[in-house]
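Notes follow the structure.
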Amino acid sequence: MTPTTVDVVVIGAGHNGLVAANYLADAGRSVLVVEASDRIGGFTASQRAIPEAPDHLTHPYSFDPFFWDSFPPAKELQLERHGLKRVRVDPGLVYLDPEDASIGFWEDPRRTAAEIERFSRADARAYLEFAGLLRAFSDVALAYFVSNPARLDRRPLARTARQAWRHRARLRDIASLATGSAAEAIAERFEHPVVRNALHSVAGSTIPNSADGSGAGFLWLANQHRHSHQHPIGGVQSLPDALARRLEGTGGSVQVEAPVAEILVRGGRAVGVRLADGREIEAREAVVASCDPKTALGRLLPGGTLSPELETRVDGIAVRNGGYGQMKVDLAFSGRLSLGRYEKWRGDGLDLRKPMHVLATEAGIERAFARSAAGLLPYDDDWSMWNVIPTGVDPSQAPPDQDNFYCYLAVAPYEPEEAWDVPDAGGHTLRDRAGQSVVRKLSMFYEGVEQLELGRRILNNQDFERLVGASGGNITHVDMTLSRGGPRRPARGLAGYATPVPGLFLGGSGSHPSGGITGAPGYMAAREVLRGEKRRRS
């Protein structure tokens, strides 16, 4: 069997792999992306996966790409020319309080402050000051996020330094926010319980809000004030689909149902991949692994390629999130959900079916983390939820006058004390009970949940690992903690995209800057491939 030969092989057709492939193809390289699944997308895939509702689109692994517009690929790849369609929603995020109140997080922070003023004038003033800090924080962070944390490059460092100098009066507060806890940041500034609950809800962390480093989760909120969110028409899948169309238009290609069995190494250099069916694809310049780094460096590399010390570090890459898991619940409804009582309370005519909703309380978040760490389901009221009604913006995702819905649960048991799918004496599994608990909470906020439900799909970390392949089912590939950021992401000695194996690069969410739908790791990996090849040829 004659091997296929290209300049670059990319492992994984998630959004980061496809971003890297596009930049490499734009630079004149022949590129082949190989994907284990029968369709592209990885964690950004959408599916029609609820048996009782086969015409309802689900988004089982991710939520909408809130961060996409903050990074270079959004502008530079011009995916709108390749079929990507989006609808702007402002406010992009709304907190729903159990007592019918709400707070919208608008692009203009003054509009958010005006809503907070309903509860506290002092908190409204404090919010405008906080929004200024968030802007400064995100200016510095976003400049750093598109730099190589393992190398002192003049231009990226200069960009970061310029932002730091511009916000020099706030640097101490920025450092405190980035390394401290979200709970501290809120307690120091805000008093009203509804305002505090809203801010705890939007902190966006997968660790307790009382933990050091959780304050960095406020980049979610900072992003809301940088640009309002744009929901993709056709669901999250429309992003990788547009990336694939663009790639094919520049001569690159994607092969699905092509799982990689091994990264080929000859003479100490990565030279291609061997697929599970025995086919070999040779890479003249590079292999870019957009799969998680524990898979790339631990399972796909031949044993002994890395030093024993680095093999130990790969084995120790943190993917269990400190024992805190996540869940995703997709639901299909035979009619349209209503938030009538919330819209009545607001009285401003805002259509609350369009933005994302966050549902949580300060005390409930802490209890949910404590119970999840102990292997127990959170109480109904304590689930920390990020919810979207995609059909509120894009009715094409379900039959006429029906809704699809997804609920991302920021914390759930990673290792429950009982198995997820073993029936109890009453015939109900833990998965069943978790779904019922989630639906009970949703029914407190949305009218029609229990009456209109057609079916649901409940996924946990074990499912994410089985279905997508990420080690530990970690949706960000590597834990999002201070100890796994920057020059230590994914591990010491393995940051900076280029690996210790010449010709092998990491370009997935386990690399700097982080997980999330940003395209930044793929973008940076492509730059490093091109930089390395230029140096090799000179």
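Everything in the sequence shown is counted per the UniProt record's numbering, starting at 1 for the first residue and increasing by one.
The C-beta atom is built at its ideal place from N, Cα and C for all residues, glycine as well.
Mind checking whether Ala319 and Ile11 have CB atoms under 9 Å apart?
As a working note, residue 319 is residue 319 in the sequence shown. As a working note, residue 11 is residue 11 in the sequence shown. Just to set this straight, residue 319 is Val in the shown sequence, not Ala. It is not a contact, given that the beta carbons lie outside the stated cut-off.
Can you grab the Cα-Cα spacing for the pair Arg245 / Ile40, in whole Å?
Stepping through the sequence shown from its first residue, residue 245 is reached at position 245. Stepping through the sequence shown from its first residue, residue 40 is reached at position 40. Roughly 11 Å separates the two Cα atoms.
Leaving out five residues before and five after Pro259 in sequence, what residues of the same chain have Cβ atoms less than 6 Å from its Cβ?
Reading the sequence shown from its first residue, position 259 is the one you call residue 259. Cβ neighbours of Pro259 beyond the five flanking positions: Ala36 and Ala276.
Taking its Cβ as the centre, do 16 or more other Cβ atoms sit within 10 Å of Gly349, making it buried, or is it exposed?
Taking the sequence shown and counting its residues from 1, one reaches residue 349 at position 349. Counting Cβ neighbours within 10 Å, Gly349 comes out exposed, since fewer than 16 surround it.
Spatial distance of Ala216 from Asp479 (CA atoms)
As a position in the sequence shown, residue 216 is number 216, starting the count at 1. As a position in the sequence shown, residue 479 is number 479, starting the count at 1. About 14 Å.
For Gln255 and Leu504, the rounded distance between their alpha carbons:
Working through the sequence shown from its first residue, we reach residue 504 at position 504. Working through the sequence shown from its first residue, we reach residue 255 at position 255. Going from the Cα of Leu504 to the Cα of Gln255 covers about 20 Å.
Short of 6 Å in beta carbon distance, which residues of its chain neighbour His82, apart from the five on each side in sequence? Order them along the chain.
Residue 82 sits at position 82 when you count from the first residue of the sequence shown. Ala242, Arg245 and Arg246, listed in sequence order.
Taking Glu262 as part of the beta strand (DSSP E), name the residues at either end of that continuous run.
Locating residue 262 in the sequence shown gives position 262, counting from the first residue. Val260 to Arg266 is the extent of the beta strand (DSSP E) around Glu262.
Close-in-space but distant-in-sequence residues of the same chain around Thr429 (CB under 7 Å, 5 per side omitted):
Taking the sequence shown and counting its residues from 1, one reaches residue 429 at position 429. Only Trp420, Asp421, Val422 and Pro423 meet the Cβ criterion.
Between which two residues does the alpha helix (DSSP H) harbouring Glu366 extend?
For the purposes of this step, residue 366 is identified with residue 366 of the sequence shown, where counting begins at 1. For Glu366, the uninterrupted alpha helix (DSSP H) run begins and ends at Glu362 to Ala373, by DSSP.
So which of Ser338, Pro73, Asn461 and Tyr408 has the shortest CA-CA distance to Gly323?
One-based indexing of the sequence shown puts residue 323 at position 323. Nearest C-alpha to Gly323: Asn461.
Could you tell me whether the Cβ atoms of Asn474 and Asp292 are closer together than 9 Å?
The sequence position of residue 474 within the sequence shown is 474, counting from 1. The sequence position of residue 292 within the sequence shown is 292, counting from 1. Yes; because the gap between Cβ atoms is below 9 Å, this pair is in contact.
Is it right to say Val87 is buried, meaning 16 or more other beta carbons lie within 10 angstroms of its own, or is it exposed?
Numbered from 1 along the sequence shown, position 87 holds the residue referred to as residue 87. Exposed, by the Cβ-count rule.
What number of angstroms, rounded off, separates the C-alpha of Gln224 from the C-alpha of Ala13?
The residue given as residue 224 occupies position 224 in the sequence shown. The residue given as residue 13 occupies position 13 in the sequence shown. Roughly 28 Å between the two C-alpha positions.
If Glu285 sits next to Asp7, beta carbons under 8 Å apart, how far is it from one beta carbon to the other, in whole angstroms?
One-based indexing of the sequence shown puts residue 285 at position 285. One-based indexing of the sequence shown puts residue 7 at position 7. Right, their Cβ atoms sit about 5 Å apart.
Should the segment 143 to 159 be regarded as contacting the segment 191 to 203, the criterion being three or more beta carbon pairs within less than 8 Å?
Cβ pair count under 8 Å is below three, so no.
Length of the line joining the Cα atoms of Ile281 and Arg274:
Numbered from 1 along the sequence shown, position 281 holds the residue referred to as residue 281. Numbered from 1 along the sequence shown, position 274 holds the residue referred to as residue 274. Roughly 6 Å between the two C-alpha positions.
Determine the DSSP secondary structure at Ile50, reduced to helix, strand or coil.
By 1-based counting over the sequence shown, the position of residue 50 is 50. DSSP places Ile50 in coil when its eight states are reduced to three.
Kindly identify the DSSP beta-bridge partner or partners of Ala412.
If you number the sequence shown from 1, residue 412 lands on position 412. Bridge partners of Ala412: Gly325.
Could you check where the beta strand (DSSP E) with Trp386 kicks off and where it finishes?
Within the sequence shown, the letter at position 386 stands for residue 386. From DSSP, the beta strand (DSSP E) with Trp386 extends over Met385 to Val388.
Assign Tyr406 to buried or exposed, taking buried as 16 or more other Cβ atoms, counted over all protein chains shown, within 10 Å of its Cβ.
By 1-based counting over the sequence shown, the position of residue 406 is 406. Flag for Tyr406 reads buried.
Measuring alpha carbon to alpha carbon, tell me which of Leu359, Ser437 and Gly485 ends up nearest Leu376.
The count along the sequence shown starts at 1 and reaches residue 376 at position 376. For Leu376, the nearest C-alpha among the options comes from Ser437.
Taking C-alpha atoms, which residue in Leu133, Arg269, Glu366 and His167 lies nearest to Phe218?
Locating residue 218 in the sequence shown gives position 218, where the first residue counts as 1. The shortest Cα separation from Phe218 among Leu133, Arg269, Glu366 and His167 belongs to Leu133.
Using a Cβ-Cβ cutoff of less than 8 Å, which residues in the same chain neighbour residue 542 once the five nearest sequence positions on both sides are dropped?
Residue 542 falls outside the range modelled here, since the chain spans only 1 to 538, and no answer is possible.
For the segment 90 to 101 against the segment 194 to 207, are there 3 or more C-beta pairs whose distance is under 8 Å?
yes
Return the CA-CA distance between Ala187 and Asp123, expressed in angstroms with no decimal places.
Looking up residue 187 in the sequence shown gives position 187. Looking up residue 123 in the sequence shown gives position 123. Distance between the alpha carbons of Ala187 and Asp123 is about 11 Å.
Between the CA atoms of Arg48 and Leu264 - distance to the nearest angstrom
Translated into positions along the sequence shown, residue 264 becomes position 264. Translated into positions along the sequence shown, residue 48 becomes position 48. If you take the alpha carbons of Leu264 and Arg48, they lie about 36 Å apart.
Would you kindly work out how many angstroms separate the C-alpha atoms of Asn148 and Pro72, rounded to a whole number?
Working through the sequence shown from its first residue, we reach residue 148 at position 148. Working through the sequence shown from its first residue, we reach residue 72 at position 72. When rounded, the distance between both Cα atoms is 15 Å.
Comparing C-alpha positions only, which one of Glu465, Ser471 and Ser509 sits nearest to Gly486?
Counting from one through the sequence shown, the residue named residue 486 turns up at place 486. That would be Ser509, whose Cα lies nearest to the Cα of Gly486.
Compare the beta carbon distance of Ala53 and Ala398 with 9 Å and say whether it is the shorter of the two.
Taking the first residue of the sequence shown as position 1, residue 53 is located at position 53. Taking the first residue of the sequence shown as position 1, residue 398 is located at position 398. For Ala53 and Ala398, yes; Cβs fall inside 9 Å.
Could you have a look at Asp463 and say whether DSSP puts it in helix, strand or coil?
As a first step, residue 463 is located in the sequence shown; it is residue number 463 there, counting from the start. Secondary structure at Asp463: helix, using DSSP grouped into helix, strand and coil.
Could you have a look at Asn223 and say whether DSSP puts it in helix, strand or coil?
One-based indexing of the sequence shown puts residue 223 at position 223. DSSP places Asn223 in helix when its eight states are reduced to three.
For Asp270, the nearest candidate out of Phe67, Thr250 and Leu300 (CA to CA):
Translated into positions along the sequence shown, residue 270 becomes position 270. The sequence shown places Ala at residue 270, rather than the Asp named in the question. Among Phe67, Thr250 and Leu300, the Cα nearest to that of Ala270 is on Leu300.
Once DSSP output is grouped into helix, strand and coil, what is the label at Phe67?
Residue mapping note: residue 67 aligns to position 67 of the sequence shown, counting from 1. Three-state result, Phe67: coil.
Can you find a heavy atom of the ligand FMN that lies under 8 Å from the Cβ of Ala412?
Looking for the ligand FMN in the displayed structure turns up nothing, as the structure carries no ligands at all.
Could you check what DSSP says for Ile233 in three-state terms: helix, strand or coil?
Your numbering for residue 233 matches position 233 in the sequence shown. Coil.
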